[in-house]
Amino acid sequence: MATMIVPNSIAFQLSANSLFFLLLIIFCSSCKTTFAFQGTKSKSFHHILHLNSLLQSAACNSSTQGLHHQKSSLQVVHKHGPCSPLHLDRAKTPPTHAETFFQDEGRLRYIQSRLANKSGCKADVKVTDVANLPAKDGRVVGSGNYIVTVGIGTPKKQLSLIFDTGSDITWTQCEPCLGFCYHQRDAKFDPSVSSTYSNVSCNSVQCSSLLSATGYLPLCSLSTCVYRIQYGDSSFSTGFFAKERLTLTPFDVFDNFLFGCGQNNQGLFGGAAGLLGLGRDQLSLPSQTARKYNKIFSYCLPSSSSSIGFLTLGKRRRYGSKSVKFTPLSTSIQDSSFYGLDITGISVGGKRLSISASVFTTAGAIIDSGTVITRLPPDAYAALRSEFRQRMRRYRMGMPSICRKQRCQ
Numbered sequence: 007m008a009t010m011i012v013p014n015s016i017a018f019q020l021s022a023n024s025l026f027f028l029l030l031i032i033f034c035s036s037c038k039t040t041f042a043f044q045g046t047k048s049k050s051f052h053h054i055l056h057l058n059s060l061l062q063s064a065a066c067n068s069s070t071q072g073l074h075h076q077k078s079s080l081q082v083v084h085k086h087g088p089c090s091p092l093h094l095d096r097a098k099t100p101p102t103h104a105e106t107f108f109q110d111e112g113r114l115r116y117i118q119s120r121l122a123n124k125s126g127c128k129a130d131v132k133v134t135d136v137a138n139l140p141a142k143d144g145r146v147v148g149s150g151n152y153i154v155t156v157g158i159g160t161p162k163k164q165l166s167l168i169f170d171t172g173s174d175i176t177w178t179q180c181e182p183c184l185g186f187c188y189h190q191r192d193a194k195f196d197p198s199v200s201s202t203y204s205n206v207s208c209n210s211v212q213c214s215s216l217l218s219a220t221g222y223l224p225l226c227s228l229s230t231c232v233y234r235i236q237y238g239d240s241s242f243s244t245g246f247f248a249k250e251r252l253t254l255t256p257f258d259v260f261d262n263f264l265f266g267c268g269q270n271n272q273g274l275f276g277g278a279a280g281l282l283g284l285g286r287d288q289l290s291l292p293s294q295t296a297r298k299y300n301k302i303f304s305y306c307l308p309s310s311s312s313s314i315g316f317l318t319l320g321k322r323r324r325y326g327s328k329s330v331k332f333t334p335l336s337t338s339i340q341d342s343s344f345y346g347l348d349i350t351g352i353s354v355g356g357k358r359l360s361i362s363a364s365v366f367t368t369a370g371a372i373i374d375s376g377t378v379i380t381r382l383p384p385d386a387y388a389a390l391r392s393e394f395r396q397r398m399r400r401y402r403m404g405m406p407s408i409c410r411k412q413r414c415q
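Numbering-wise, our numbering comes out as the position in the sequence shown, counting from 1, plus 6.
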């Protein structure tokens, strides 16, 4: 019998009468912005969670609803699940909740740093082209990220990359690994056997654009542009900035795609070959393929480790459910390459929590596919925790497994 949790019907209430169910990270910026919410009407939506759906199944639910209606489609699967071609790789075990939490702390530092650097603390389009890429839940990557498989080079080399809405540059580990390369499931990309590979020169406009995409000035090695990027958990990648043929599907092939050919890479990337940047900078995948996709993409994460999701580039022709809701992206973080939403409040069990509107007006909420745990400002978190505990008071509270700065989760 399925168990249903009713008291935890928690809704984030967004502007424009709607709720788009996405993984959020709410970031409290020290930079002040001028954004206010006035008399916004909101509808209440809730989701009842069947606890047995959280248990990993031994069989793959291969339903691909929502994929076959597109011009091109690829599957997205949980990397440790039975649908994944990598699920037999036991070199890494899934991280514990505590490990995930502290890996997310590093991710948060990365986001804070990029926002600080960007801010200084200081028309209708017609879309006809679509490509769906399979995204896979990549827990062996280190922090519960998702991956897609794309082709790079000529002949095409299939590589599994973390897809990341919070990063801009795409990179993969490359032979001959002049510095250090971590273990990856796929064989590393070898540019010497590709007929379409070429390095970017140091004095090119493309090389200069790396500062905006990575936050670091490019380097130069024998007239070849060198990129470098570091993440909040001290993971990093450095290598040659290059052009190559990118194959998303048999119908979606892009020449001269700018990417990083990593020669010195270290961190929590595990079995993935690298990272696919989906941010808003000019070097991101949406920007480099804008002529075909008009900078439009969407993704549906697998609902469990045994199910399939997708990453779609381009406007979807139709959606599988009439219950899909939309909300505008935030305008309060326009100067950064992150995507955000404007949150107006939080409800628990239909009850709107008493949280000052100013709590959410500072910087909005960032949507980040690389972050596992939703973060809230202290005041909002305290109100949510208090109401949730009140509604669950008939159940014994377990011992906290994660404590940070004398606050246990």
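All C-beta atoms, glycine included, are put in the ideal place defined by N, C-alpha and C.
Please check the pair residue 249 and residue 199, which I expect to be a contact at CB under 8 Å, by giving their CB distance rounded to whole angstroms.
For the purposes of this step, residue 249 is taken as the residue at position 243 of the sequence shown. For the purposes of this step, residue 199 is taken as the residue at position 193 of the sequence shown. With a Cβ gap of about 16 Å, residue 249 and residue 199 do not count as contacting.
For residue 269, is the classification buried or exposed, using 16 other Cβ atoms within 10 angstroms of its Cβ as the cut-off for buried?
Against the sequence shown, residue 269 aligns to sequence position 263. Label assigned to residue 269: buried.
C-beta atoms of residue 344 and residue 319 nearer than 8 Å:
Looking up residue 344 in the sequence shown gives position 338. Looking up residue 319 in the sequence shown gives position 313. Going by C-beta atoms, residue 344 is not nearer than 8 Å to residue 319.
Based on the DSSP output, what are the partners of residue 204 in its beta bridges?
The residue you call residue 204 lines up with position 198 of the sequence shown. Looking at the DSSP output, residue 204 sits in a beta bridge with 249.
Threshold first: 4 residues or longer. Then list the alpha helix (DSSP H) segments lying entirely within the region 259-334, N to C.
Whole alpha helix (DSSP H) segments, 4+ residues: 291-294, 296-299.
Local conformation of residue 243 per DSSP, three classes
For the purposes of this step, residue 243 is taken as residue 237 along the sequence shown, with counting starting at 1. Strand, per DSSP.
Across which residues does DSSP place residue 114 in a beta bridge pair?
Your numbering for residue 114 matches position 108 in the sequence shown. Per DSSP, residue 114 has no beta-bridge partner at all.
Using a Cβ-Cβ cut-off of 7 Å (strictly less than) and excluding sequence neighbours within five positions of residue 7, which residues of its own chain qualify?
Indexing the sequence shown from 1 puts residue 7 at position 1. Annotation note: pLDDT 32 at residue 7 (below 50); position unreliable, coordinate value reported separately. Cβ neighbours of residue 7 beyond the five flanking positions: none.
I need the straight-line Cα distance from residue 416 to residue 280, nearest angstrom please.
Here the chain comprises residues numbered 7 to 415, so residue 416 is not present and cannot be evaluated.
In terms of alpha-carbon separation, which member of 264, 157, 330, 110 lies closest to residue 257?
Counting from one through the sequence shown, the residue named residue 257 turns up at place 251. Of the candidates 264, 157, 330, 110, the one whose C-alpha sits nearest the C-alpha of residue 257 is 157.
Which residue or residues does DSSP assign as beta-bridge partners of residue 255?
If you number the sequence shown from 1, residue 255 lands on position 249. Residue 255 pairs with 258.
Per the contact definition of three or more C-beta pairs closer than 8 Å, is the region 100-120 in contact with the region 370-381?
Using a C-beta cut-off of 8 Å, the region 370-381 makes contact with the region 100-120, since at least three inter-stretch Cβ pairs fall below that distance.
Look at residue 154 and residue 317 and say whether their C-beta atoms are less than 8 Å apart.
Translated into the one-based positions of the sequence shown, residue 154 becomes position 148. Translated into the one-based positions of the sequence shown, residue 317 becomes position 311. For the pair residue 154 and residue 317, the CB atoms are nearer than the 8 Å cut-off.
Just mark residue 146 as buried or exposed, buried being the case when its beta carbon has 16 or more other beta carbons within 10 Å.
Your numbering for residue 146 matches position 140 in the sequence shown. Note that residue 146 scores 36 on pLDDT, short of 50, meaning its location in the model is unreliable; the coordinates nonetheless yield the value given after this. Burial call: buried.
DSSP-derived helix/strand/coil call for residue 190:
Looking up residue 190 in the sequence shown gives position 184. Three-state result, residue 190: coil.
So residue 237 and residue 112 are in contact, right, with Cβ under 8 Å, and what is the actual spacing, rounded?
Position 231 of the sequence shown holds residue 237. Position 106 of the sequence shown holds residue 112. The beta-carbon separation of residue 237 and residue 112, rounded to 7 Å, stays under the 8 Å limit for a contact.
May I have the straight-line CA-CA distance separating residue 14 from residue 204, to the nearest angstrom?
Counting from 1 along the sequence shown, the entry for residue 14 is found at position 8. Counting from 1 along the sequence shown, the entry for residue 204 is found at position 198. Caution is warranted here: a pLDDT of 37 is assigned to residue 14, below 50, making its placement in the model unreliable, and no coordinate value can be reported.
Determine the direct distance from the alpha carbon of residue 247 to that of residue 230, and round the result to whole angstroms.
The residue given as residue 230 occupies position 224 in the sequence shown. The residue given as residue 247 occupies position 241 in the sequence shown. Each residue's Cα considered, the two are about 8 Å apart.
Going by other Cβ atoms of all chains shown within 10 Å of its Cβ, with 16 needed for buried, is residue 400 buried or exposed?
Here residue 400 is taken as the residue at index 394 of the sequence shown, counted from 1. Label assigned to residue 400: exposed.
Neighbourhood of residue 188 by C-beta, 8 Å cutoff - its chain only, sequence neighbours within 5 removed
The residue you call residue 188 lines up with position 182 of the sequence shown. Sequence-distant partners of residue 188 (beyond 5 residues in either direction) whose C-beta falls short of 8 Å from its own C-beta, in its chain, are 179, 271, 272, 273, 275, 276.
Validate contact between the region 216-234 and the region 168-183 using beta carbons, cut 8 Å, 3 pairs
Short answer: they touch.
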